[in-house]
Amino acid sequence: EDQVTQSPEALRLQEGESSSLNCSYTVSGLRGLFWYRQDPGKGPEFLFTLYSAGEEKEKERLKATLTKKESFLHITAPKPEDSATYLCAVQGAAGANNLFFGTGTRLTVIP
Amino acid sequence: DGGITQSPKYLFRKEGQNVTLSCEQNLNHDAMYWYRQDPGQGLRLIYYSQIVNDFQKGDIAEGYSVSREKKESFPLTVTSAQKNPTAFYLCASSRTSGRGELFFGEGSRLTVL
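As they're listed, the protein sequences go chains A and B. Residues 1 to 111 in my numbering are what the first sequence lists, from first letter to last. Residues 112 to 224 in my numbering are what the second sequence lists, from first letter to last.
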């Protein structure tokens with residue numbers, strides 16, 4: 001069964017204090033791993049797609065990496081506007097139309 | 112600007128009533144989805160549609176119904192058969208089916224009184 005575990009559940013950082021969020025996954029035939037950002041009371045916003053181990057994607061202060069068992073979302077010198085919940089999702093071979101989402105990491109960046 | 116519009120944003124329902132949540136997209140996307148989000152749980156798929164006049168059940172379809180009569184529209188009806196309907200409902204679309212890059216609406220929060 002597909003499984004996604006995100007850690008930590010919540011993370012508080014000082015502005016400028018870099019850190020990483022973890023997404024561990026178990027899936028049969030990974031088609032893609034996806035990162036989303038969700039602000040309170042809003043729908044998720046797509047950030048990155050990773051397809052194979054070793055792949056990396058960057059956008060502003062965010063960098064996503066992928067291994068065969070987990071993905072990391074690295075946040076470099078975060079700003080208060082980076083505060084949000086970050087969701088990880090996997091797409092397996094058996095469920096091409098059904099992403100399996102983790103419960104998210106709630107990030108708070110303190111000025 | 113293109114996007115997905117969900118309405119209403121907040122909805123209150125008495126037990127035993129059916130309610131319909133609206134979802135409209137102007138992205139010209141073929142595929143549309145309905146997810147449910149509950150505290151402490153990941154998003155769960157209710158229904159999806161790959162093309163007009165076609166839709167498939169997701170993991171938690173019981174107590175819900177959908178229609179896809181137009182490419183732009185994918186309404187969700189929460190029926191009285193849904194035992195625990197209070198939740199945050201999210202509509203999404205993708206350019207074609209089978210893609211993981213989803214565009215989400217702002218969500219509809221349903222509360223059953």
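Heads up, the beta-carbon is just placed ideally off N, CA and C, and yes, glycines get one too.
DSSP places residue 81/A within a helical segment (H, G or I) once states are collapsed to three. Across the set 192/B, 169/B and 186/B, the C-alpha of 186/B shows the shortest separation from the C-alpha of residue 136/B. Less than 8 Å divides the Cβ of residue 96/A from the Cβ of residue 31/A.
Minimum Cα-Cα distance from residue 105/A among the listed residues 72/A, 48/A and 28/A corresponds to 72/A. Annotation for residue 165/B: the continuous beta strand (DSSP E) segment containing it runs 165-168.
Interface annotation, residue 44/A: in contact with chain B, CB-CB separation under 8 Å. The three-state reading of DSSP puts residue 179/B in coil, since its state is none of H, G, I, E or B. With a 10 Å radius around the Cβ and a threshold of 16 neighbouring Cβ atoms, residue 12/A comes out exposed.
When CB distances to chain B are screened at a threshold of 8 Å, the residues of the region 3-28 of chain A falling below it are 4, in chain order. Taking residue 167/B as the centre and dropping the five residues before and after it, the same chain places the C-beta of 159 closer than 6 Å to its C-beta, in chain order. Pairing residue 3/A with residue 22/A gives a Cβ-Cβ distance that is not under 8 Å.
When DSSP states are grouped into helix, strand and coil, residue 72/A belongs to the strand group.
Residue-level contact check: residue 72/A does not touch chain B, since none of the beta carbons of chain B fall below 8 Å from its beta carbon. At a beta-carbon threshold of 9 Å, the residues of chain A lying near residue 159/B are 97 and 98, ordered along the chain. With a cut-off of 8 Å on Cβ pairs, the region 112-125 of chain B is not in contact with the region 50-60 of chain A, counting fewer than three such pairs.
Taking 8 Å as the CB threshold, residue 105/A stays off the interface with chain B.
At least one CB atom of chain A sits nearer than 8 Å to the CB of residue 208/B. Rounded to whole angstroms, the gap between the alpha carbons of residue 115/B and residue 199/B is 16 Å. DSSP, read as helix, strand or coil, puts residue 128/B in coil.
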